[in-house]
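This is the structure in structure tokens:
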């Protein structure tokens, strides 16, 4: 058997491994509580669909505002103003660590978590949304979704968790009680 | 008269042989560890992986993104595990080599187009340009190790085949 034949044989076995991996992936996905749809939809499409469903349930109340710097955020937190801080990263990251007092409303769990949070968000003077960092688009997407649901006084903290960490702020492990 | 070949097995060649064997085992263990960890960390969150794949803005439709997101974590984990068995090692190295090349192409085209993406190597993380550079360097190193090991395994097999023919 030449080296070329051996390479061909290895590629064939590699293909068998790939097919086996796909079968494993499909089987495990089938057993998941929230399976990945076989036809993937972009995250903005998924969030729009969730907003449309929530709007259909008359949960709506109404302007995407400005951005907040780390200094402003720190001052707001120190004043203990009626501000709600929304961490829109996936809950695993939120549970690991987050800005003190922040609530978790990830894009993926938006439809599920929003109804229980709606009244708190309406009562707040200001809602500040943040995600992982500078290049993260989740905060804008969730803020836009909240705006579509009628929420006012929305702001984005563009630096997000990365900037907050850089400023060596305290972090609070676990969910707020 | 020259001494028979086996008598020339000096302390130096013994050391070289041992260093080579341990170096190979070390590289194999690192490769296996990296790919098993990379695969396992993606298995738990397929939707996040699909989002990461979509962020590369490759010409893939929704079906293809889902198939890749469901297959890739298991393929990495299985290939990583198969590195420990000699019989399956070459095929596993072949798969990992192809995956590394495809990943380099995907990351390279994203960098050339000015996209800042999360590499998605070990689960989801914040996208960053530094992270992309680190991922490319890491992938080049892994690819070099994979190619070197594959060539070594192939040569070893050819040598074994020729020895078995002679005997």
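Protein chains in written order, with the numbering used here: chain U, 25 to 201; chain D, 1108 to 1274.
Glycine included, each C-beta is placed from N, C-alpha and C at the ideal position.
All of these numbers come straight from a predicted model, not from anything done at the bench.
Can you list, in chain order, the residues of its chain whose CB lies under 7 Å from that of residue 177 of chain U, leaving out five sequence neighbours each side?
Looking up residue 177 of chain U in the first chain gives position 153. Here the set comprises 89, 149, 150, 151.
Would residue 1074 of chain D and residue 63 of chain U qualify as a contact pair, given that the criterion is a beta-carbon distance under 8 Å?
Lying outside 1108 to 1274, the shown extent of chain D, residue 1074 of chain D is not represented and no answer is given.
Taking Cβ to Cβ, would you say residue 1230 of chain D is nearer than 8 Å to residue 1173 of chain D?
Reading the second chain from its first residue, position 123 is the one you call residue 1230 of chain D. Reading the second chain from its first residue, position 66 is the one you call residue 1173 of chain D. Not a contact, by the Cβ cut-off of 8 Å.
Quick one, which residues of the region 128-159 of chain U are near chain D if we go by CB-CB under 7 Å, in chain order?
Flagged, chain order: 132, 156, 157, 159.
Taking the straight line between their C-alpha atoms, what separation do you get for residue 1127 of chain D and residue 1259 of chain D?
For the purposes of this step, residue 1127 of chain D is identified with residue 20 of the second chain, where counting begins at 1. For the purposes of this step, residue 1259 of chain D is identified with residue 152 of the second chain, where counting begins at 1. Using only the alpha carbons, I get a separation of about 11 Å.
Rounded to whole angstroms, what's the CA-CA distance from residue 43 of chain U to residue 1237 of chain D? Just pull it up for me.
Here residue 43 of chain U corresponds to residue number 19 of the first chain, with the count starting at 1. Here residue 1237 of chain D corresponds to residue number 130 of the second chain, with the count starting at 1. Whole-angstrom Cα-Cα distance: 34 Å.
I'd like the ranges of any beta strand (DSSP E) spanning at least 3 consecutive residues and lying wholly in the region 107-147 of chain U.
Segments of the beta strand (DSSP E) lying fully in the region 107-147 of chain U: 107-111.
Indicate whether at least one CB of chain U lies closer than 8 Å to the CB of residue 1209 of chain D.
As a working note, residue 1209 of chain D is residue 102 in the second chain. It does not; no Cβ of chain U falls within 8 Å.
State yes or no: is the beta carbon of residue 1155 of chain D nearer than 8 Å to at least one beta carbon in chain U?
Here residue 1155 of chain D refers to the residue found at position 48 of the second chain. Answer yes: the Cβ-Cβ gap between residue 1155 of chain D and chain U drops below 8 Å somewhere.
Under the three-state reduction of DSSP, which class applies to residue 82 of chain U: helix, strand or coil?
Residue mapping note: residue 82 of chain U aligns to position 58 of the first chain, counting from 1. Reliability fails at residue 82 of chain U, whose pLDDT of 47 lies under 50, so the model's placement of it is uncertain and no value is given.
In its own chain, which residues sit with a C-beta less than 7 Å from the C-beta of residue 1205 of chain D, not counting the 5 before and 5 after it?
Within the second chain, residue 1205 of chain D is the residue found at index 98, counting from 1. Nothing listed; no residue qualifies.
Just curious, the beta strand (DSSP E) that residue 1174 of chain D is in, first and last residue?
Residue mapping note: residue 1174 of chain D aligns to position 67 of the second chain, counting from 1. Residue 1174 of chain D -> not in any beta strand (DSSP E); alpha helix (DSSP H) instead, spanning 1169-1189.
Anyone know if the C-beta pair for residue 1202 of chain D and residue 49 of chain U falls short of 8 Å?
The residue given as residue 1202 of chain D occupies position 95 in the second chain. The residue given as residue 49 of chain U occupies position 25 in the first chain. No, Cβ-Cβ distance for residue 1202 of chain D and residue 49 of chain U is not below 8 Å.
Do residue 1234 of chain D and residue 155 of chain U have their C-beta atoms closer together than 8 Å?
Here residue 1234 of chain D is taken as the residue at index 127 of the second chain, counted from 1. Here residue 155 of chain U is taken as the residue at index 131 of the first chain, counted from 1. Going by C-beta atoms, residue 1234 of chain D is not nearer than 8 Å to residue 155 of chain U.
So what does residue 1238 of chain D bridge to, in DSSP terms?
Here residue 1238 of chain D refers to the residue found at position 131 when the second chain is read from its first residue. In DSSP, residue 1238 of chain D forms no bridge with anything.
Since I believe residue 108 of chain U is in contact with residue 188 of chain U (beta carbons under 8 Å), could you give me their beta-carbon distance rounded to a whole number of angstroms?
Within the first chain, residue 188 of chain U is the residue found at index 164, counting from 1. Within the first chain, residue 108 of chain U is the residue found at index 84, counting from 1. With a Cβ gap of about 16 Å, residue 188 of chain U and residue 108 of chain U do not count as contacting.
Over what stretch of residues does the beta strand (DSSP E) that includes residue 153 of chain U continue unbroken?
For the purposes of this step, residue 153 of chain U is identified with residue 129 of the first chain, where counting begins at 1. Here the beta strand (DSSP E) through residue 153 of chain U covers 150-154.
Would you give the residue range spanned by the beta strand (DSSP E) that residue 52 of chain U belongs to?
As a first step, residue 52 of chain U must be located in the first chain, where it is residue number 28. It is not in any beta strand (DSSP E) - residue 52 of chain U instead sits in the alpha helix (DSSP H) that spans 27-55.
Closer than 8 Å, CB to CB, is residue 111 of chain U near chain D or not?
Within the first chain, residue 111 of chain U is the residue found at index 87, counting from 1. So, not an interface residue.
For residue 178 of chain U, does the three-state DSSP call read helix, strand or coil?
If you number the first chain from 1, residue 178 of chain U lands on position 154. If DSSP states are grouped into helix, strand and coil, residue 178 of chain U belongs with the strands.
Counting only Cβ pairs nearer than 8 Å, list the residues of chain D close to residue 42 of chain U.
Along the first chain, one-based indexing puts residue 42 of chain U at 18. Simply 1178, 1182, 1202.
Determine, using beta carbons only, whether residue 1173 of chain D comes closer than 8 Å to chain U.
Position 66 of the second chain holds residue 1173 of chain D. Yes - at least one Cβ of chain U is within 8 Å of the one on residue 1173 of chain D.
Rounded to a whole number of angstroms, what is the C-alpha to C-alpha distance between residue 26 of chain U and residue 1167 of chain D?
On the first chain, position 2 is the one that residue 26 of chain U refers to. On the second chain, position 60 is the one that residue 1167 of chain D refers to. For residue 26 of chain U and residue 1167 of chain D, the distance between alpha carbons rounds to 36 Å.
So with Cβ pairs under 8 Å, would you call residue 1268 of chain D a contact of chain U?
For the purposes of this step, residue 1268 of chain D is identified with residue 161 of the second chain, where counting begins at 1. True, the Cβ-Cβ gap to chain U drops below 8 Å.
Does chain U have any CB closer than 8 Å to the CB of residue 1106 of chain D?
Because residue 1106 of chain D is not part of the residues shown, which for chain D are 1108 to 1274, the question remains open.
Using a Cβ cut-off of 8 Å (strictly closer), state whether residue 1148 of chain D contacts chain U.
As a working note, residue 1148 of chain D is residue 41 in the second chain. Answer no: the Cβ-Cβ gap between residue 1148 of chain D and chain U never drops below 8 Å.
Just to confirm, is the Cβ distance from residue 186 of chain U to residue 157 of chain U under 8 Å?
As a first step, residue 186 of chain U is located in the first chain; it is residue number 162 there, counting from the start. As a first step, residue 157 of chain U is located in the first chain; it is residue number 133 there, counting from the start. Yes, the Cβ-Cβ distance between residue 186 of chain U and residue 157 of chain U is below 8 Å.
Buried or exposed for residue 119 of chain U, going by 16 or more other Cβ atoms inside 10 Å?
The count along the first chain starts at 1 and reaches residue 119 of chain U at position 95. By the 10 Å Cβ count, residue 119 of chain U comes out exposed.
For a contact defined as C-beta to C-beta under 7 Å, what are the partners of residue 1265 of chain D on chain U?
As a working note, residue 1265 of chain D is residue 158 in the second chain. Under the 7 Å cutoff, chain U gives 27.
Quick check: the Cα distance between residue 1263 of chain D and residue 56 of chain U, rounded to an integer number of angstroms?
Residue mapping note: residue 1263 of chain D aligns to position 156 of the second chain, counting from 1. Residue mapping note: residue 56 of chain U aligns to position 32 of the first chain, counting from 1. So the two alpha carbons sit approximately 43 Å from each other.
Checking 8 Å against the spacing of the C-beta atoms, do residue 168 of chain U and residue 131 of chain U come in under that value?
In the first chain, the residue the question calls residue 168 of chain U occupies position 144. In the first chain, the residue the question calls residue 131 of chain U occupies position 107. Contact flag unset, no.
Report yes if the C-beta distance between residue 94 of chain U and residue 191 of chain U is below 8 Å; otherwise report no.
Translated into positions along the first chain, residue 94 of chain U becomes position 70. Translated into positions along the first chain, residue 191 of chain U becomes position 167. Yes, the Cβ-Cβ distance between residue 94 of chain U and residue 191 of chain U is below 8 Å.
Can you tell me which of the three DSSP states residue 1128 of chain D falls into?
For the purposes of this step, residue 1128 of chain D is taken as the residue at position 21 of the second chain. Helix, per DSSP.
Please report the straight-line C-alpha distance between residue 1244 of chain D and residue 1214 of chain D, rounded to a whole angstrom.
In the second chain, counting from the first residue as 1, residue 1244 of chain D sits at position 137. In the second chain, counting from the first residue as 1, residue 1214 of chain D sits at position 107. Distance between the alpha carbons of residue 1244 of chain D and residue 1214 of chain D is about 11 Å.
Could you please tell me which residues of the region 55-83 of chain U, in chain order, have their CB closer than 7 Å to any CB of chain D?
Of all residues in the region 55-83 of chain U, 60, 61, 62, 63, 64, 65, 66, 67 have a Cβ within less than 7 Å of some Cβ in chain D.
Go ahead and label residue 29 of chain U buried or exposed: buried means 16 or more other beta carbons lie within 10 angstroms of its beta carbon, across all protein chains shown.
Taking the first chain and counting its residues from 1, one reaches residue 29 of chain U at position 5. Result: exposed.
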